[in-house]
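For my numbering, count along the sequence shown from 1 and bump the result up by 6.
Positions of the beta carbon are idealized from the N, C-alpha and C atoms, including for glycine.
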Amino acid sequence: MTVHQVLLEELDTDERYDVIVSGLPLTNFSHVQVERIMARYRELLPPRGSLTYFAYIGTRMVVAAASWPSRSFCSEPSSPPSPCS
Ligand SMILES: C[S@@+](CC[C@H](N)C(=O)[O-])C[C@H]1O[C@@H](n2cnc3c(N)ncnc32)[C@H](O)[C@@H]1O
Numbered sequence: 007m008t009v010h011q012v013l014l015e016e017l018d019t020d021e022r023y024d025v026i027v028s029g030l031p032l033t034n035f036s037h038v039q040v041e042r043i044m045a046r047y048r049e050l051l052p053p054r055g056s057l058t059y060f061a062y063i064g065t066r067m068v069v070a071a072a073s074w075p076s077r078s079f080c081s082e083p084s085s086p087p088s089p090c091s
C-alpha cells in the first residue's frame, strides 16, 4: 500500500484505481474546488471504475456560522457552496 500525502489535485501519478472511496469534506469546498476534485477522480478511474464518497451533513452550516459574518450560507444544503450575491 502506498500513502500519498498530497492534495488530490496535485497527485502526480499515471495509476488508475478500480475503486475510490472518498471521505473528503466536499461540503466545505467551493463549487470550483469540487469540480476540480471530481475531474481528478474521473482521471484516476478506469472506464468501469467506481467512485463512492461520503460527507457529513451540516458541516457547511457549521463552517458558515463559525466564520460569520465573512462567509454566509447562501445555497441549498444539497448543492455545493456558492458565494452570496
Ligand atoms: C475532516 S477530515 C475527514 C477525514 C475522514 N473523512 C474521516 O472521517 O476520518 C478532511 C481531510 O481531507 C483532507 N483534504 C482536504 N482537502 C483535500 C484535498 N484537496 N486533497 C486531499 N485531501 C484533502 C484534509 O487534509 C483532512 O485530512
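Can you say whether residue i is buried or exposed, counting buried as having 16 or more other CB atoms within 10 angstroms of its CB?
i     : result
Arg22 : exposed
Arg66 : buried
Leu32 : buried
Rounded to whole angstroms, what's the CA-CA distance from residue i to residue j? Just pull it up for me.
i     : j     : result
Asp20 : Leu50 : 8 Å
His37 : Ser56 : 22 Å
Leu30 : Glu16 : 15 Å
Met7  : Ala70 : 37 Å
Ile43 : Val68 : 22 Å
Ile63 : Gln39 : 18 Å
With a threshold of 6 Å on Cβ separation, who are the neighbours of residue i within its own chain once the five nearest residues in sequence on each side are excluded?
i     : result
Val27 : Thr58
Val25 : Ser56
So residue i and residue j are in contact, right, with Cβ under 8 Å, and what is the actual spacing, rounded?
i     : j     : result
Arg46 : Leu14 : 5 Å
Leaving out five residues before and five after residue i in sequence, what residues of the same chain have Cβ atoms less than 8 Å from its Cβ?
i     : result
Phe60 : Ser28 and Gly29
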